[in-house]
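Here's the structure we're looking at; comments come further down.
In my numbering, the protein residues as written are 130 to 289.
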């Protein structure tokens, strides 16, 4: 089976030999290669669409599983808080069971900022400036010249 790559090379070779072939032969040869290229391109587009469909299905499944994971994590958090609350109500900090030992312990010391404005500047870090590409793009689109940046028009394949 001939590949699209091979057909493209054949097409280029026929064009290079165009001066050596009579007009009818050149036209027929180019048309037959062109039809084969179109068939291959359409078949390739079918494969692309199938793969895109599979990607969509996987993305939805990933989203569904992430939502389920979040729900399960929330349930774990709620159950832990419930168990801790109930143990604290009855004054228990340790429970030894057949399968599990359950204990309430102190967490490491944490910082709670009550008013960030009142904190001395020594506790803040300098941030590296972040490029606002949207602002830069709009400026370039308006016709301004900005040294170090330019607009470029790319090309990509569209299958409809």
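Cβ coordinates follow ideal geometry from the N, Cα and C atoms, glycine included.
From a predicted model like this one, the values you see are computed outputs, not experimental measurements.
Item: Tell me the residue span of the beta strand (DSSP E) that contains residue 230.; Value: 230-232
Item: Find out if the Cβ-Cβ distance for the pair residue 166, residue 137 is shorter than 8 Å.; Value: yes
Item: Starting from residue 223, trace the beta strand (DSSP E) both ways and give me its first and last residue.; Value: 223-225
Item: Would you check if there are 3 or more beta carbon pairs closer than 8 Å linking the segment 131-145 to the segment 165-180?; Value: yes
Item: Going along the chain, which unbroken runs of the beta strand (DSSP E) with 3 or more residues stay wholly within the segment 190-276?; Value: 223-225 and 230-232
Item: Helix, strand or coil, according to DSSP, for residue 182 in the structure here?; Value: helix
Item: Under 8 Å, do residue 270 and residue 260 count as touching if we go by C-beta distance?; Value: no
Item: If we ignore side chains and look at the alpha-carbon of each, how far apart do residue 240 and residue 273 end up?; Value: 47 Å
Item: Would residue 288 and residue 174 qualify as a contact pair, given that the criterion is a beta-carbon distance under 8 Å?; Value: yes
Item: In whole angstroms, what is the alpha-carbon distance linking residue 149 and residue 179?; Value: 43 Å
Item: Have a look at residue 153 and residue 181 and give me their C-alpha separation to the nearest angstrom.; Value: 41 Å
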